Amino acid sequence: MTKMLALELAPSRIRVNVICPGAIYTEIRDNTQYRNLQRRQDVYIPLTGKPGTSEQVARLALFLASDASDHISGTEVWIDGAESLIQGF
4 MTKMLALELA
14 PSRIRVNVIC
24 PGAIYTEIRD
34 NTQYRNLQRR
44 QDVYIPLTGK
54 PGTSEQVARL
64 ALFLASDASD
74 HISGTEVWID
84 GAESLIQGF
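Numbered per my numbering, the sequence shown finishes at 92, counting up by one with no gaps.
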C-alpha cells in the first residue's frame, strides 16, 4: 500500500513512507491487567540490548516529515535496533 500510494501521490510531491517499530518501551505493561495469558518473553535487541523509546520513533517521524528526507518515498523504515534481522521479518 505504501509503495502504491507513493507512486500515485508523487506527481503532487507528496511523500509516503511507513514506520515499522520493533520493541518499544512504554508503560503499557505497568497499566495492563493480564488474565490467563502468558506474558511475552523479552526479545533480544542486537544494537542496544534493550527496547527503543517512543522518543526515538518520534524523532524518526520528524525526520521523515522534514525537508531532510525530501527524496525518500515509498519505503518502510525499520526502527528496531536490528531486531527484525534476527526474527526473519
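Note that CB positions come from ideal geometry on N, CA and C, so glycine has one too. Model, not experiment: these values are computed from the prediction.
Burial of Ser-76 is indicated by the presence of at least 16 other C-beta atoms within 10 angstroms of its C-beta. At a Cβ-Cβ threshold of 8 Å, Ser-57 and Thr-35 do not count as neighbours. Assigned with DSSP and collapsed to three states, Ile-75 falls in coil, not helix or strand. A Cβ-Cβ distance of about 6 Å is found for the pair Val-46 and Glu-86, placing them in contact under the 8 Å criterion. Of the candidates Glu-79, Leu-88, Ile-89, Asp-73, the residue whose Cα lies closest to the Cα of Thr-5 is Glu-79. Where Val-60 is concerned, the enclosing alpha helix (DSSP H) starts and stops at 57-68.
Shown here, Pro-49 sits in coil according to DSSP, grouped into three states, outside any helix or strand. Going by DSSP, Met-7 is part of the alpha helix (DSSP H) stretching over 5-12.
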